[in-house]
Amino acid sequence: MQRLLILETTCDETAAAVVTDALDVLGSTVASQDALHERYGGVVPEIASRAHVERILPVIDETLRRADVAISDIDAIAVANTPGLAGSLLVGLSAAKALCVALGVPLVAVNHLQAHIYACRLAAGRDVFPCLGLIVSGGHSSLYRCRTSLEFDLLGGTIDDAAGEAFDKVASLLGLPFPGGPAIDRAARSGDPKKYDLPRPLLDSPRLDFSFSGLKTAVRYRISRPGETPGKLEPQVVNDLAASFQEAVVDCLVGKTMLALEQTGMNVLCVGGGVAANGRLRQRLESEARTRGIELHIPPLSLCTDNAVMGAIAVERLRAGLFEELDLDITPGLVRQSAG
Ligand code: KG4
Ligand code: ZN
Numbered sequence: 019m020q021r022l023l024i025l026e027t028t029c030d031e032t033a034a035a036v037v038t039d040a041l042d043v044l045g046s047t048v049a050s051q052d053a054l055h056e057r058y059g060g061v062v063p064e065i066a067s068r069a070h071v072e073r074i075l076p077v078i079d080e081t082l083r084r085a086d087v088a089i090s091d092i093d094a095i096a097v098a099n100t101p102g103l104a105g106s107l108l109v110g111l112s113a114a115k116a117l118c119v120a121l122g123v124p125l126v127a128v129n130h131l132q133a134h135i136y137a138c139r140l141a142a143g144r145d146v147f148p149c150l151g152l153i154v155s156g157g158h159s160s161l162y163r164c165r166t167s168l169e170f171d172l173l174g175g176t177i178d179d180a181a182g183e184a185f186d187k188v189a190s191l192l193g194l195p196f197p198g199g200p201a202i203d204r205a206a207r208s209g210d211p212k213k214y215d216l217p218r219p220l221l222d223s224p225r226l227d228f229s230f231s232g233l234k235t236a237v238r239y240r241i242s243r244p245g246e247t248p249g250k251l252e253p254q255v256v257n258d259l260a261a262s263f264q265e266a267v268v269d270c271l272v273g274k275t276m277l278a279l280e281q282t283g284m285n286v287l288c289v290g291g292g293v294a295a296n297g298r299l300r301q302r303l304e305s306e307a308r309t310r311g312i313e314l315h316i317p318p319l320s321l322c323t324d325n326a327v328m329g330a331i332a333v334e335r336l337r338a339g340l341f342e343e344l345d346l347d348i349t350p351g352l353v354r355q356s357a358g
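Read in order, the letters of the sequence shown are residues 19 to 358 in our numbering.
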């Protein structure tokens, strides 16, 4: 049996996991930085990378303790090196390289987006490929044809804000706490999704792309007219705006995902990323999948938001003999052609 130590520092969670080559999870830790970024209403890259530096070693120690293994029992180190915030990615990669040198074990690269879809494979306990992949997070909203766990073709994505980013920015406009997604999800439960007529950008186009920036601006102008300073909103107005906004985002995500399934002829759908934790999105995807006979995989909440367990996709690379040299670099941006 081989044991992998997996590191995840692509954005604002410092995470580590120990997973076996049989995909058994021996231990996992996620140190959230939400409290550090809350007052800014979004992730501040410099704060994120500094916090990773402080936390990466304690998080690794805690993970080994939970897994009840010694560092000398680790056979390979895996690390997410793309995509993400440059400073954050560098912390994980540097720690991984140092451990590889010290332990004399190989380095395995993890693509964070592929890992989000692999969370579906882990939750299902069986193969889910080929599938259509919808990744909706703070940094990405994209549709992929996932031919295998390691071969993805990008079908479309956001042309401006990511879905999670839109949730976070609208939450901030509504005076709700960061991260905005869970706060809007909660507020929307007491709101009327039909109260405000908001746009569904690109929904009527045959393109498999998303756009959420105009929707965010539309919410802004429901709060106060251009040039006016927004006053304090009544709680019911906040709930109704949250519900109407969430419904518009979900309409766009579900509409384009169904279009992608039709266009590709695929009948398995895997959803990953923090926004996949959204209650209304899950409900709508479940009902569409049932009606259309689509096999739907959405991981449990702990595997939707950033974590290191999903980096177990490294086991697939290990099996394929895909190791990295110690000059491996970070790739912060999304490679448009493919996530593979
Ligand atoms: O995947 P993730 O943890 O980090 C990135 O790789 O970006 O996603 C974080 C995003 C945040 O924008 C957060 O607001 C959103 O996921 N999110 C949600 C929910 N839970 C987290 N969005 C909508 N509804 C939720 N319940
Ligand atoms: Zn993520």
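Just so it is clear, CB atoms sit at the ideal spot from N, CA and C, and this is done for glycine as well.
Alpha carbon of residue i to alpha carbon of residue j, nearest angstrom
i	j	result
A98	I316	21 Å
P197	S155	12 Å
L346	L111	8 Å
G174	L226	5 Å
L221	N285	21 Å
I89	R21	10 Å
F230	S190	15 Å
L321	G151	15 Å
S242	A205	20 Å
L103	P200	22 Å
D86	L23	13 Å
H55	N129	25 Å
K187	N257	15 Å
V36	R163	29 Å
L344	L125	7 Å
R302	E334	31 Å
L277	A266	16 Å
E72	P101	22 Å
G358	M328	Residue placement at G358 is poorly supported in this model, since its pLDDT is 38, which falls under 50; the coordinates still yield a value, given next. Taking the straight line joining both Cα atoms gives about 16 Å.
L140	L41	8 Å
N325	R240	36 Å
T166	L336	15 Å
D57	Q51	According to the sequence shown, residue 57 is Arg rather than Asp. Roughly 12 Å between the two C-alpha positions.
V293	V61	16 Å
I74	A33	8 Å
G45	A338	24 Å
A96	A120	15 Å
I153	V48	20 Å
Y136	A142	10 Å
C29	P148	28 Å
R298	L25	31 Å
S67	A236	33 Å
F185	R300	16 Å
Q132	F170	8 Å
P217	L168	36 Å
D91	A295	34 Å
G211	V272	The sequence given here has Pro at residue 211, not Gly. Straight-line Cα distance between these residues: approximately 16 Å.
G157	T176	10 Å
S208	T275	27 Å
A330	K213	43 Å
D145	I78	29 Å
Helix, strand or coil at residue i [DSSP, three-state]
i	result
H55	helix
T32	strand
F170	strand
Y162	strand
T27	coil
F341	coil
G245	coil
T47	strand
V37	strand
T349	coil
V333	helix
L22	strand
P76	helix
D186	helix
V61	coil
D258	helix
P253	helix
G193	coil
DSSP bridge partner residues for residue i (one or two, in chain order)
i	result
I153	S160 and G290
T176	F228
#### Entry: Pocket of the ligand ZN defined by Cβ to heavy atom distance under 5 Å
S155 and D324
### Query
Which runs of the beta strand (DSSP E) fall wholly inside the segment 263 to 326 and span at least 3 residues, in chain order?
286 to 290 and 313 to 315
### Message
What ranges does the beta strand (DSSP E) occupy inside the segment 88 to 146, keeping only unbroken runs of at least 3 residues that lie completely in it?
### Response
DSSP runs (the beta strand (DSSP E)) wholly in the segment 88 to 146: 94 to 100 and 125 to 129.
### Query
Considering only residues of the segment 198 to 241, which uninterrupted alpha helix (DSSP H) runs meet the minimum length of 4 residues and lie entirely inside it, listed in chain order?
List check, alpha helix (DSSP H) in window: 198 to 206 and 231 to 241.
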